[in-house]
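Residue numbers (my numbering), protein chains in the order written: chain L, 298 to 781; chain E, 22 to 138.
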C-alpha cells in the first residue's frame with residue numbers, strides 16, 4: 298500500500314515499529330498532492346517545506362522516546378482556522394494575503410503533539426455553503442467524480458482525505474459542513490457537541506452553532522483526532538469544562554443492548570431511493586450486531602431549515618462586520634470617507650452567498666423585525682432541541698441519513714440558493730440542538746458515496762463513535778478508494 | 022419528484038403557500054438593509070437580492086405555524102453563563118504582531134479615513 302493511503306492508526310503503527318519515518322510518510326503525501334491536486338483542487342495552499350521540517354522534528358522526538366498517535370502524522374487544515382505564519386483566507390478574497398499572528402487552539406494542540414501540517418484546504422467562503430462552490434478562489438472536485446461537488450463547506454478537507462492527499466483533516470461544522478462533505482466523499486466526519494472543542498482561532502461564522510470537527514479515513518482516525526483537539530480552553534468562553542474521555546477505548550465492534558432511534562421525519566418520501574435503501578440496510582447490520590431499533594419522532598424537523606437560515610445569517614452578519622479594511626485584508630484607502638471605504642471593501646471582497654446571508658441576517662435583526670424573525674427562530678430552536686432531548690431519553694443514539702441524495706454536479710444548484718440550502722436538511726437540526734454527530738460511508742449509488750449519521754447526546758461522542766465503529770467494522774465501505 | 026440524483030425531497034421542497042401574501046422586499050428595503058450592513062451592492066445585486074431574500078423570508082414564514090408564546094428562546098445550546106477569569110494581566114500580542122496585517126499603519130495605530138464629519 299502506498300504510504301499516503303495509510304490511515305492515521307496504521308501509519309502510527311508503522312512509525313512506532315520504525316518501518317517508516319515521518320519524513321518518508323510526509324514526502325509520499327506531498328507527492329500524492331502533486332499528482333492529483335491539479336484535478337481535485339482540495340488545497341488552497343500547501344506548505345511543503347514547513348511540513349518536511351515538522352516531519353523531521355517529529356522523527357527526532359520519536360527517536361528521543363516520545364510517542365503519540367499523531368506524532369509525525371501529516372494532516373490538512375480547513376482555511377477557516379488560523380495558522381500562525383501561514384496565509385488564512387477563509388476562502389474569501391477579503392482576506393487574501395492575511396497571515397494570522399497566532400494559531401487556533403486546535404492547531405496549537407496538533408502542533409504540540411507533533412502532527413505535521415501540510416497546508417490549508419478549500420472551503421465555501423467563510424464556511425457559508427454546501428458545495429465549496431462559494432469559495433472565492435476555485436471549486437474543489439469530488440474525487441469519486443471530478444464533475445461533481447465534494448460537498449461543503451469543508452469540501453477541501455473531505456476531498457483531501459478521500460483522495461489520500463492527507464491522512465486526516467480538520468474542518469468546521471455549523472449546519473453540517475463536516476458531516477455532509479464527509480458523506481459525499483465517502484469518509485468519516487464528526488461534529489462534536491457544542492463546546493467540546495475550542496473555537497479560539499476558528500474564524501467565526503455563527504458563534505452559537507460553529508464547531509471544529511475531524512475528518513478521517515475511518516472512525517478510529519476521527520476518534521484519535523478528536524481526542525487531540527477536544528477539551529476546555531480558557532480562551533474560548535463557550536468551551537465546556539467537561540473531561541475528555543479516551544475515545545479510542547470507546548471503540549468496540551458491537552452494539553449489544555444498545556437502543557438506536559430511527560426518526561420517521563428523516564426517511565421522507567422523495568429522497569434518492571438508493572440513499573433510503575442504504576440506510577435501511579445499515580440499520581439491519583446494526584440489528585445484526587445486537588442493537589434494538591426504536592421508532593422515534595422529531596416532530597419539529599421540518600422547521601429546522603428556516604430556523605437555521607434566520608439564526609445563522611443573523612450571527613454571521615454580526616461576525617462579519619469586522620471585515621472592513623481597517624485591521625487586515627482587502628482595503629480601500631482611496632475612498633473619500635470611512636463609510637464608503639467599508640462599502641467598497643465589502644462590495645469587492647465578499648462573494649454573493651456571503652452578501653446574501655449578511656443581508657438576511659441584518660434584516661432579521663433589524664428594528665421592527667427582530668421579534669418576528671430572530672426571536673421567533675430562537676424559540677423554535679428550543680422546540681427542536683427538546684425534540685432531540687426527548688428522543689434521546691428513549692435511545693442511546695439516533696441513526697439517520699446524512700444527505701437526501703448523493704453528490705450533485707458542479708453548477709447544478711448555484712442558481713437557486715434555497716435549493717442549495719435544502720440539501721442540508723438532515724444535518725442542520727443537530728447544530729441547532731448543539732449535540733454531536735458522525736457521518737460514515739454506508740454504500741454507493743452509481744459510484745457515488747452515501748453517508749449514514751449517528752447522532753448522540755451532549756458530550757456523548759463515545760457512544761456515537763462506538764455505534765459508527767461497530768457498523769464500519771462489519772462492512773467494507775471505508776476501504777473503498779476513489780478512482781482519481 | 023422521482024428523487025433522482027440531485028433532486029430535492031418532494032415533501033421538503035414544498036414551500037408554504039397557505040397565506041395570501043408572499044413576503045416581498047422592496048428595492049428601498051434592500052438598499053436600507055445593505056446600508057445597515059455597510060455593504061455596497063450594485064443595481065443588479067439589488068434586484069437579485071430582493072427576489073432571493075424574499076423567497077427565503079417567505080419560506081421562513083412557516084415558523085408562524087408554531088405557537089411559541091410560552092416557549093423561551095435558546096441563544097446557545099450549551100447553557101453556559103457568566104464565564105469569568107481572574108483579573109490578572111498576562112502577555113498578549115505585541116503591537117507589531119497586531120499591526121502586521123494593517124493595510125495602513127502609523128506608529129502603533131491603524132490609519133483610517135476621518136470618522137467624524
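Note that beta-carbon positions come from the ideal geometry of N, C-alpha and C, so glycine has one too.
This one's a predicted model, so the numbers in the text were calculated from it and none came from an experiment.
Same chain, Cβ closer than 7 Å to residue i, five either side skipped, listed in chain order
| i | result |
| --- | --- |
| residue 26 of chain E | Confidence is the limiting factor: at residue 26 of chain E the pLDDT is only 33, short of 50, which leaves the residue's position unreliable and the question unanswerable from this model. |
| residue 38 of chain E | Annotation note: pLDDT 45 at residue 38 of chain E (below 50); position unreliable, coordinate value reported separately. Hits under 7 Å: none found. |
| residue 386 of chain L | 341, 376, 392, 393, 395 |
| residue 523 of chain L | 487, 489, 511, 544, 758 |
| residue 784 of chain L | No answer is possible for residue 784 of chain L: the residues shown for chain L start at 298 and end at 781. |
Beta-carbon spacing of residue i, residue j below 7 Å
| i | j | result |
| --- | --- | --- |
| residue 509 of chain L | residue 467 of chain L | yes |
| residue 395 of chain L | residue 600 of chain L | no |
| residue 424 of chain L | residue 502 of chain L | yes |
| residue 305 of chain L | residue 518 of chain L | yes |
| residue 622 of chain L | residue 628 of chain L | yes |
| residue 495 of chain L | residue 478 of chain L | no |
| residue 57 of chain E | residue 659 of chain L | yes |
| residue 344 of chain L | residue 383 of chain L | yes |
| residue 572 of chain L | residue 698 of chain L | yes |
Cβ neighbour criterion (16 or more within 10 Å) applied to residue i
| i | result |
| --- | --- |
| residue 656 of chain L | buried |
| residue 319 of chain L | buried |
| residue 335 of chain L | exposed |
| residue 435 of chain L | exposed |
| residue 722 of chain L | buried |
| residue 857 of chain L | Outside the modelled stretch of chain L, which goes from 298 to 781, sits residue 857 of chain L, for which no answer is possible. |
| residue 45 of chain E | exposed |
| residue 690 of chain L | exposed |
| residue 431 of chain L | buried |
| residue 130 of chain E | exposed |
| residue 137 of chain E | exposed |
| residue 680 of chain L | buried |
| residue 309 of chain L | buried |
| residue 785 of chain L | Residue coverage of chain L in this structure runs from 298 to 781, which leaves residue 785 of chain L outside it and unanswerable. |
| residue 91 of chain E | exposed |
CB contact check: residue i to chain L, cutoff 7 Å
| i | result |
| --- | --- |
| residue 52 of chain E | no |
| residue 42 of chain E | no |
| residue 137 of chain E | no |
| residue 80 of chain E | yes |
| residue 110 of chain E | no |
| residue 129 of chain E | no |
| residue 200 of chain E | As shown, chain E starts at 22 and ends at 138. That puts residue 200 of chain E outside it, with no answer to give. |
| residue 102 of chain E | no |
| residue 125 of chain E | yes |
| residue 89 of chain E | yes |
| residue 118 of chain E | yes |
| residue 65 of chain E | no |
| residue 72 of chain E | no |
| residue 76 of chain E | yes |
| residue 121 of chain E | yes |
| residue 107 of chain E | no |
Below-7 Å beta-carbon distance, residue i vs any chain E residue
| i | result |
| --- | --- |
| residue 306 of chain L | no |
| residue 319 of chain L | no |
| residue 503 of chain L | no |
| residue 754 of chain L | no |
| residue 451 of chain L | no |
| residue 655 of chain L | yes |
| residue 607 of chain L | yes |
| residue 682 of chain L | yes |
| residue 620 of chain L | no |
| residue 628 of chain L | yes |
| residue 750 of chain L | no |
| residue 695 of chain L | no |
Nonlocal neighbours in the same chain, by C-beta distance under 8 Å from residue i, ignoring five residues either side
| i | result |
| --- | --- |
| residue 258 of chain L | No statement about residue 258 of chain L is possible, as the shown extent of chain L runs from 298 to 781 and does not include it. |
| residue 67 of chain E | 48, 51, 52, 55 |
| residue 707 of chain L | 428, 430, 436, 438, 444, 445, 446 |
| residue 606 of chain L | 657, 718 |
Close-in-space but distant-in-sequence residues of the same chain around residue i (CB under 6 Å, 5 per side omitted)
| i | result |
| --- | --- |
| residue 24 of chain E | Residue placement at residue 24 of chain E cannot be trusted, given a pLDDT of 31 that sits under 50; the coordinates are not used to answer. |
| residue 693 of chain L | 555, 556, 760 |
| residue 526 of chain L | 403, 406, 494 |
| residue 43 of chain E | 79 |
Review point. Are three or more beta carbon pairs between the stretch 590 to 603 of chain L and the stretch 634 to 647 of chain L nearer than 8 Å?
Key: No, they do not touch.
Exercise for review: Evaluate the contact criterion for the stretch 377 to 384 of chain L versus the stretch 515 to 534 of chain L: three or more CB pairs, one atom per stretch, below 8 Å.
Suggested key: no
**Study point:** At least three beta-carbon pairs within less than 8 Å, the stretch 738 to 756 of chain L to the stretch 660 to 677 of chain L
**Key:** No contact exists between the stretch 738 to 756 of chain L and the stretch 660 to 677 of chain L.
Check your understanding: Is the stretch 403 to 423 of chain L close to the stretch 438 to 445 of chain L, with three or more CB pairs under 8 Å?
Key -> no
Exercise for review: Evaluate the contact criterion for the stretch 574 to 584 of chain L versus the stretch 62 to 69 of chain E: three or more CB pairs, one atom per stretch, below 8 Å.
Suggested key: no
Review point. Is the stretch 399 to 419 of chain L touching the stretch 349 to 363 of chain L, taking contact as three or more C-beta pairs under 8 Å?
Key: yes
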